[in-house]
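Numbering-wise (this note's numbering), the sequence shown opens with residue 34 and increments by one.
Yeah, the Cβ is synthetic: ideal placement off N, Cα and C, and Gly gets one too.
Quick caveat: nothing in here was measured; it's all calculated off a predicted structure.
Written below as structure tokens is the structure these notes are about.
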Amino acid sequence: MAAQSASVTTAPPPPTGFAQNASVTPALSAMAAANKLVNKIPPQSTLPPILSLHTHTHTHTHTHIRRADMRILHAPASVYATSKCSKPQFRDANFLEGRNLQSVIHDPRLSRRIVARRVCLTRRRVNSGSVKAASLEADASSMLTREAESDVLKALSQIIDPDFGTDIVSCGFVKDLLVDDASGEVSFRLELTTPACPVKDMFEQKANEVVAALPWVKNVNVTMSAQPAKQIFAAQLPAGLQTISNIIAVSSCKGGVGKSTVAVNLAYTLAGMGARVGIFDADVYGPSLPTMVSPENRLLEMNPEKKTIIPTEYMGVKMVSFGFAGQGRAIMRGPMVSGVINQLLTTTEWGELDYLVIDMPPGTGDIQLTLCQVVPLTAAVIVTTPQKLAFIDVAKGVRMFSKLKVPCVAVVENMCHFDADGKRFYPFGRGSGSQVVEQFGIPHLFDLPIRPTLSASGDSGMPEVVADPQGDVAEIFQNLGVCVVQQCAKIRQQVSTAVMYDKSIKAIKVKVPNSNEEFLLHPATVRRNDRSAQSVDEWTGEQKLQYGDIPEDIEPEEIRPMGNYAVSITWPDGFSQIAPYDQLQSMERLVDVPQPIPA
34 MAAQSASVTT
44 APPPPTGFAQ
54 NASVTPALSA
64 MAAANKLVNK
74 IPPQSTLPPI
84 LSLHTHTHTH
94 THTHIRRADM
104 RILHAPASVY
114 ATSKCSKPQF
124 RDANFLEGRN
134 LQSVIHDPRL
144 SRRIVARRVC
154 LTRRRVNSGS
164 VKAASLEADA
174 SSMLTREAES
184 DVLKALSQII
194 DPDFGTDIVS
204 CGFVKDLLVD
214 DASGEVSFRL
224 ELTTPACPVK
234 DMFEQKANEV
244 VAALPWVKNV
254 NVTMSAQPAK
264 QIFAAQLPAG
274 LQTISNIIAV
284 SSCKGGVGKS
294 TVAVNLAYTL
304 AGMGARVGIF
314 DADVYGPSLP
324 TMVSPENRLL
334 EMNPEKKTII
344 PTEYMGVKMV
354 SFGFAGQGRA
364 IMRGPMVSGV
374 INQLLTTTEW
384 GELDYLVIDM
394 PPGTGDIQLT
404 LCQVVPLTAA
414 VIVTTPQKLA
424 FIDVAKGVRM
434 FSKLKVPCVA
444 VVENMCHFDA
454 DGKRFYPFGR
464 GSGSQVVEQF
474 GIPHLFDLPI
484 RPTLSASGDS
494 GMPEVVADPQ
504 GDVAEIFQNL
514 GVCVVQQCAK
524 IRQQVSTAVM
534 YDKSIKAIKV
544 KVPNSNEEFL
554 LHPATVRRND
564 RSAQSVDEWT
574 GEQKLQYGDI
584 PEDIEPEEIR
594 PMGNYAVSIT
604 WPDGFSQIAP
614 YDQLQSMERL
624 VDVPQPIPA
């Protein structure tokens with residue numbers, strides 16, 4: 034038998050008496066079925082027919098052919114096995130050991146991947162030593178890996194993100210997918226929008242379960258991570274703000290309602306959820322942060338080389354306040370205050386932050402407008418009390434944020450009630466918070482009770498959620514933190530996809546945030562409706578950009594978000610157009626949707 038060698042030629046006719054063997058016909062049928070099954074997989078190169086293998090010997094030709102062919106037809110390891118081929122080593126070998134080919138072909142537990150692998154491995158042995166065999170092996174391995182990756186992604190697509198309403202594969206969360214089909218090893222990384230994602234544990238558990246349920250998978254390794262902290266439109270911001278993902282304004286437009294208490298406890302709640310957080314105290318006239326927290330270093334430092342401010346830090350949260358500048362409280366006019374706020378906020382080395390919480394000063398004046406214009410606020414949290422007077426001032430603040438296109442995601446009604454003798458009392462009345470929610474359509478309302486510990490923690494320098502993380506107040510702030518995380522993720526998703534250019538239909542798709550309306554615009558129409566000084570005379574209002582100046586086939590080169598209110602569109606001539614959502618909504622729309630252009 035040592036003298037035998039396998040080769041691939043045109044199948045010779047069976048020897049005399051071979052066809053009379055009763056076991057040949059079923060085996061031939063089974064082999065033909067196997068070949069037909071394997072041929073369903075897209076071939077990478079031309080392969081020999083399954084019955085073209087025969088054995089040459091130096092002596093007793095017919096006898097050896099018959100024995101070899103019989104051995105081939107009944108070999109459980111492979112339809113191409115020969116006496117020279119060693120026993121294949123892979124994980125399905127034990128399962129198939131000792132089974133005849135007919136049962137293998139019709140066994141529903143065997144995927145076509147197993148059959149394909151067996152055939153490809155055996156073909157590799159038949160053609161061992163040749164360049165063609167090496168190429169064949171690489172093509173087969175690549176095909177099986179792609180099929181395995183497709184199986185994993187299909188399984189993961191069953192997991193739906195509750196905030197975005199779509200599966201985690203479409204959201205782009207699945208990264209670094211590695212599949213070893215032979216050993217059954219699968220590893221991948223789930224990159225979420227924020228490390229404070231409230232459903233990250235659920236994602237990890239479900240991902241393990243759905244992938245492990247695949248019949249060929251033996252081990253799953255899931256790694257959780259978060260996207261790098263970065264603003265959607267970072268290039269247009271000061272250097273200090275470019276690596277901050279979300280900026281949250283905590284505002285009341287009225288003093289004494291507990292705004293600073295909410296801001297500080299919200300910041301430490303987000304930090305407890307795993308996020309990188311900073312606090313900016315924007316109240317120059319009466320800074321609260323130095324009283325509510327107790328960092329070791331109570332003075333801001335300067336970086337002499339970069340001429341930037343190094344924030345102080347307390348329990349993992351970075352913070353900047355005019356009270357840490359060694360000046361106490363300021364006595365200065367409005368324009369000077371705006372300059373101080375701008376400098377403190379934009380020249381600070383915040384580093385990478387997932388959330389920057391801004392404790393807004395009372396009112397709707399210069400400081401508030403400066404903050405809203407300089408800083409790309411992601412969202413606002415409104416703080417009020419049950420009194421009607423508080424509602425009047427809060428309503429002004431909500432309208433200001435609405436005009437500046439900053440969405441208000443939650444209302445916190447502070448000091449709303451207390452419990453005594455088994456009863457609940459409302460010393461300041463009821464209904465202010467719910468009235469804000471109903472009138473302005475703010476989706477979430479949180480009630481903060483009157484608690485002596487909450488007030489004492491603000492004076493002691495230890496936030497309540499840190500001092501008593503399992504208490505009732507900490508639970509309320511935990512729910513508020515989850516709400517803020519989810520709403521910010523939705524807003525970022527809406528803003529990043531609000532205006533996009535679809536090259537296949539040569540049209541600009543528009544879906545304004547917080548609106549269910551979606552429409553198409555012709556690129557030339559958008560370009561001709563530019564209202565900047567380059568297109569319209571600022572003094573006379575005369576149209577300088579003429580209709581014929583813009584070609585009909587113009588296409589935008591880039592579309593970038595500009596906060597929550599507009600996009601910046603770069604055109605081939607180098608012009609950068611600022612297009613507010615309100616203006617896009619007023620333009621002439623495409624009624625007849627163009628047919629997609631084949632790629």
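- DSSP places residue 258 inside the beta strand (DSSP E), whose first and last residues are 252 to 259.
- Proximity to residue 594 across 586, 588 and 603 peaks at 603, based on C-alpha coordinates.
- Relative to the Cα of residue 215, the nearest Cα in the group 415, 197, 251 and 184 belongs to 251.
- Contact check for residue 439 against residue 531 fails: the beta carbons are separated by 8 Å or more.
- For the pair residue 211 and residue 197, the CB atoms are not nearer than the 8 Å cut-off.
- Nearest Cα to residue 475 within the set 355, 412, 579 and 497: 412.
- In this structure, residue 314 lies near residue 354, with their beta-carbon atoms less than 8 Å apart.
- With contacts defined as CB atoms closer than 8 Å, residue 516 and residue 443 qualify as a contacting pair.
- Here residue 508 carries a helix assignment [DSSP, helix/strand/coil].
- In the displayed model, residue 412 falls within a strand according to three-state DSSP.
- Residue 302 and residue 514 do touch by the CB rule: their CB atoms are close to 4 Å apart, below 8 Å.
- Of the other Cβ atoms in all chains shown, 16 or more fall within 10 Å of the Cβ of residue 392; this residue is therefore buried.
- When DSSP states are grouped into helix, strand and coil, residue 388 belongs to the strand group.
- A distance below 7 Å between beta-carbons, with the five flanking residues on each side excluded, links residue 181 to the following residues of its chain, in chain order: 212 and 214.
- In the DSSP assignment, residue 441 is bridged to 413.
- Membership of residue 612 in any alpha helix (DSSP H) is not indicated; the residue belongs instead to the beta strand (DSSP E) covering 609 to 613.
- Within the model, the alpha-carbon separation for residue 384 versus residue 457 is close to 45 Å.
- Boundaries of the beta strand (DSSP E) around residue 352: 350 to 354.
- Nearest Cα to residue 548 within the set 597, 589 and 369: 597.
- Straight through space, the alpha carbons of residue 341 and residue 417 are spaced by roughly 35 Å.
- When only Cα atoms are considered, residue 511 and residue 232 end up about 13 Å apart.
- Distances from the alpha-carbon of residue 574 to those of 624, 347, 372 and 565 put 565 closest.
- Separation of residue 359 and residue 320 (C-alpha to C-alpha, rounded to the nearest whole angstrom) is 12 Å.
- In this structure the region 293 to 300 lies against the region 491 to 504, because at least three pairs of beta carbons, one per stretch, are closer than 8 Å.
- One thing to note: residue 381 has its Cβ within 8 Å of the Cβ of residue 273.
- A contact between stretches requires three or more CB pairs, one per stretch, nearer than 8 Å, and the region 545 to 561 meets this requirement with the region 581 to 591.
- The Cβ atoms of residue 277 and residue 437 do not sit closer than 8 Å to each other.
- By the neighbour-count criterion, in which a residue is buried when 16 or more other Cβ atoms sit within 10 angstroms of its Cβ, residue 256 is exposed.
- The beta-bridge partner set that DSSP reports for residue 594 consists of 600.
- Here DSSP, grouped into helix, strand and coil, assigns residue 221 to strand.
- Nearest to residue 378 by alpha-carbon distance, out of 246, 270, 518 and 348, is 270.
- Annotation for residue 335: the continuous beta strand (DSSP E) segment containing it runs 334 to 336.
- About 6 Å separates the beta carbons of residue 553 and residue 622, which is inside the 8 Å limit, making them a contact pair.
- Across the structure, residue 189 and residue 175 are spaced so that their CA atoms are roughly 21 Å apart.
- Counting along the chain, residue 247 sits inside no beta strand (DSSP E), nor does DSSP assign it H or E at all.
- About 7 Å separates the beta carbon of residue 449 from that of residue 482, a gap short enough to meet the 8 Å contact definition.
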